[in-house]
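In UniProt numbering, the protein residues as written are 1 to 605.
C-beta: ideal position from N, C-alpha, C; glycine also.
The structure displayed is predicted, hence computed values, not measured ones.
Below is one structure, written out as C-alpha cells, with a few remarks after it.
Below is the structure:
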C-alpha cells in the first residue's frame with residue numbers, strides 16, 4: 001500500500017518553477033497529444049457514488065469485457081462486481097495461501113485480464129509471495145488457483161515496502177509490470193539506476209510465447225536487449241514506487257504515478273516509443289536532485305508532466321486513468337485524473353497540442369483511494385483502502401459565474417427584426433431577471449428602443465440544412481448558451497420537408513447543444529401558424545409538425561438537460577398577428593414574447 005504520512009494540502013508546484021542539474025527530455029516526446037476537451041477545469045467538478053462496501057483493503061479494480069469489475073484485495077483474494085448484481089459475496093480467486101501480507105505494502109498488488117480472457121478466464125497477477133516477499137508475476141484462471149503458472153520473480157526480502165506491483169497489457173499486446181526499488185529510505189541498493197536488477201523498473205514481456213526455458217519472451221525492441229549486464233526485460237528505469245499506471249485507450253501512451261521519498265510526488269507520461277526512458281530515481285526525485293552521486297553526466301532524465309510537494313499536498317500519489325468513456329466525454333475526454341492517498345485531491349491533467357499540459361484541481365475523492373479502474377465502456381471507478389468501498393466516478397459542469405446566457409435560435413421569425421426578443425428581454429429585466437445575457441453571432445436589429453439583441457436567427461435557413469451542414473457547433477462555441485430558445489422549421493414547412501426530417505434535425509441540434517453544454521435547457525416552439533400566398537398546404541403541414549413535437553420532446557428530454565415545448569401556435573392568428581401570413585407584426589411579437597416568458601423564467605430558476 002502507499003506509505004502513510006499525514007499532511008495538509010497547501011500548494012502544488014508548477015513545473016516551470018523547478019530547476020535541476022540535468023537537461024530533461026519532455027515526457028511525451030513521442031506520444032501524440034489527445035484532443036483537448038473544450039471545458040476548462042475550473043468549470044468541472046468530480047463526484048463519486050458508493051456502489052459497494054465490505055471490501056478488505058482493495059488494491060486494484062479492473063474492467064473485463066462482459067461488464068464485470070475484478071477487484072483485488074491485499075490479503076490475496078479477487079472479488080467480482082457487476083452493476084446489475086452488485087458485489088459477489090465469495091472470491092472468484094483465492095491466493096491467500098501464497099501471498100505474503102506482512103508489512104503495510106505487501107500483498108496482492110496487481111491484476112490484468114489476459115487478451116483472451118473472454119475465452120479462458122485467465123488473469124495475470126502480481127503479488128509478494130511467501131515466505132519472504134518475493135515479487136511474483138503469474139498467470140492463473142479465475143476459480144482455479146491450482147493451475148497458477150509463475151512467469152517471473154524478483155527477490156525482495158530486505159524490506160517490505162516499495163513493491164510497485166501494477167500490471168497491465170499495453171496496446172502492443174505486451175505485458176507491463178512495475179516493480180519498486182526494493183524498499184528502505186533513499187534507494188539503499190541503488191536499484192533505480194542499475195540495469196542489473198528489475199527493481200525500480202517497468203518491465204515489458206511477451207507472455208504469449210515461451211523462450212529459452214522461460215514462461216515469456218523478451219520483445220526484440222526492448223531498449224536493453226543485447227546490452228551487457230542489463231536485464232533485457234527492462235522498459236523504463238528510474239522508478240521509485242510507481243504504485244499505479246495506466247494506458248490511454250486512444251493513443252496508447254502510458255501514464256504513471258510515482259510515489260516520492262518525501263519531497264516530490266510525480267506523474268509521468270510516456271509515448272508508445274519511449275522505451276528506455278529514465279525517470280530519474282534516485283538521482284532525482286521529481287525534478288529535484290535527490291542524490292547527486294547517483295547522477296551520471298550526459299544521462300537524459302525524463303521530466304514528470306506534473307509534480308507536487310509531498311509534505312504539503314499529500315503523502316502518496318495515486319495514478320489514475322485518462323477518461324475515454326462516453327457519459328462525460330464533452331467535459332473530460334482525453335483528461336487524466338489522479339489523486340493522493342492522504343489529501344484526496346482530484347487532479348486533472350490534459351495534454352495540449354503544443355506539447356505542454358494543462359492542470360487543475362476538480363474537487364476531492366473519498367479518503368484513502370488506492371486505485372482507479374475503468375470498465376469496458378471506459379467509465380471510471382475508484383476503491384479506497386479503509387473502510388473498503390467501491391465508487392463510480394462522475395463529472396459535472398460547475399455553474400458558470402456571471403449572467404445566464406440565452407440564445408434565440410431560428411430563422412427569420414427570430415431575426416427580422418425579432419422584436420419579440422426585445423420585448424421578452426426587457427420584460428425579464430423589469431421583473432428582476434437582471435443577471436441575463438442574450439447571446440449569438442448575429443447583431444441586433446432596430447425595434448425603436450434599446451435592448452440586448454444578439455441572437456442566432458438566420459433568415460431563409462432550413463433547420464434540416466443547418467443540421468446536415470453541421471453549422472450549429474460553431475455558433476454554440478462562440479456563445480456557450482445556458483438556455484436555447486428555438487423556433488425553427490418555418491422554411492422547412494414551406495419547402496415541404498417531411499415532419500420526420502424536421503424532428504430528426506431537431507434531435508441533431510439538441511445533441512450538439514449538449515456536446516457544448518451537457519446541462520443546457522432547450523425551449524422548443526410549436527411554430528407559428530402559416531397562411532402565406534403561394535403555399536395553400538403550409539397550414540396543414542404546420543399542424544402536422546406541431547402535433548408531433550410534444551412526443552419528440554418527451555423522447556429526448558433528460559433531467560440534466562430538459563427539452564420543454566412552448567406553444568406558439570394556439571391563439572395566434574395569421575390574419576391579425578402577421579403582416580404576410582408568416583412573420584409577426586407588433587401584435588404577434590407581443591404574443592410570442594408572452595408565450596416564451598413563463599417557460600424561460602422556469603428555466604432560469
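Cα-Cα, which of the options is closest to residue i?
i, options, result
"residue 373", "540, 581 and 64", "64"
"residue 365", "341, 388 and 353", "341"
"residue 72", "421, 95 and 51", "95"
"residue 560", "438, 397, 506 and 218", "397"
"residue 217", "50, 208 and 294", "208"
"residue 162", "170, 206, 189 and 145", "189"
"residue 197", "257, 167, 598 and 238", "238"
"residue 375", "402, 322, 347 and 408", "322"
"residue 123", "383, 150, 463 and 330", "150"
"residue 575", "144, 555, 542 and 531", "531"
"residue 256", "213, 291 and 318", "318"
"residue 456", "474, 447 and 469", "474"
"residue 220", "582, 52 and 234", "234"
"residue 169", "242, 204 and 44", "204"
"residue 410", "492, 330, 369 and 477", "492"
Measure the beta-carbon distance from residue i to residue j and round it to whole angstroms, keeping in mind my assumption that it falls under 8 Å.
i, j, result
"residue 74", "residue 101", "6 Å"
"residue 503", "residue 552", "5 Å"
"residue 62", "residue 111", "5 Å"
"residue 523", "residue 564", "5 Å"
"residue 299", "residue 279", "Rounded, the Cβ-Cβ distance is 12 Å, inconsistent with contact."
"residue 383", "residue 58", "4 Å"
"residue 76", "residue 46", "Incorrect: roughly 31 Å between the Cβ atoms, too far for contact."
"residue 339", "residue 349", "About 12 Å separates the two Cβ atoms, so there is no contact after all."
With 16 other CB atoms within 10 Å as the buried threshold, where does residue i fall?
i, result
"residue 371", "buried"
"residue 386", "exposed"
"residue 8", "Annotation note: pLDDT 26 at residue 8 (below 50); position unreliable, coordinate value reported separately. Residue 8 comes out exposed."
"residue 495", "exposed"
"residue 659", "Since the first and last residues shown for the chain are 1 and 605, residue 659 lies out of range."
"residue 263", "exposed"
"residue 547", "exposed"
"residue 211", "exposed"
"residue 500", "exposed"
"residue 224", "buried"
"residue 285", "buried"
"residue 50", "exposed"
"residue 589", "buried"
"residue 464", "buried"
"residue 40", "exposed"
"residue 192", "buried"
"residue 579", "exposed"
"residue 42", "exposed"
"residue 35", "Bear in mind that the predicted position of residue 35 carries a pLDDT of just 45, short of 50, making it too unreliable to give a figure here."
"residue 554", "exposed"
"residue 634", "Past the edges of the chain, shown from 1 to 605, lies residue 634, and the structure says nothing about it."
"residue 67", "exposed"
"residue 598", "exposed"
"residue 260", "buried"
"residue 85", "exposed"
"residue 146", "exposed"
Locate the beta strand (DSSP E) running through residue i, then write down its first and last residues.
i, result
"residue 149", "149-154"
"residue 390", "389-397"
"residue 426", "Unbroken run through residue 426 is the alpha helix (DSSP H), 419-430; no beta strand (DSSP E)."
"residue 627", "Residue 627 is absent from the model: the chain starts at 1 and stops at 605."
"residue 591", "Note, residue 591: premise wrong, no beta strand (DSSP E); alpha helix (DSSP H) at 586-604."
"residue 96", "Premise fails: residue 96 is in no beta strand (DSSP E) and is neither H nor E."
"residue 336", "336-340"
"residue 437", "436-439"
"residue 122", "122-129"
Which first and last residues belong to the alpha helix (DSSP H) in which residue i is found?
i, result
"residue 465", "463-468"
"residue 527", "Segment: none, residue 527 is in no alpha helix (DSSP H) and carries neither H nor E."
"residue 473", "472-479"
"residue 185", "Neither: residue 185 is in no alpha helix (DSSP H) and is coded neither H nor E."
"residue 550", "538-556"
"residue 414", "412-415"
"residue 196", "From DSSP, residue 196 is part of no alpha helix (DSSP H); its letter is neither H nor E."
Counting contacts by CB-CB distance shorter than 8 Å, is residue i in contact with chain D?
i, result
"residue 39", "Any reference to chain D falls outside this structure, which holds one protein chain only."
Open item on the list: Within 8 Å, do at least three Cβ pairs link the region 177-184 to the region 148-158?
Closed with: yes
Task: Sufficient close CB pairs (3 or more, under 8 Å) joining the region 440-449 to the region 512-520 - done: no
TODO: Count the CB pairs spanning the region 243-251 and the region 284-303 that are closer than 8 Å, and state whether there are at least three.
DONE: no
Open item on the list: Could you check whether the region 408-428 touches the region 590-605, counting it as contact only if at least three pairs of C-beta atoms, one from each stretch, sit closer than 8 Å?
Closed with: yes
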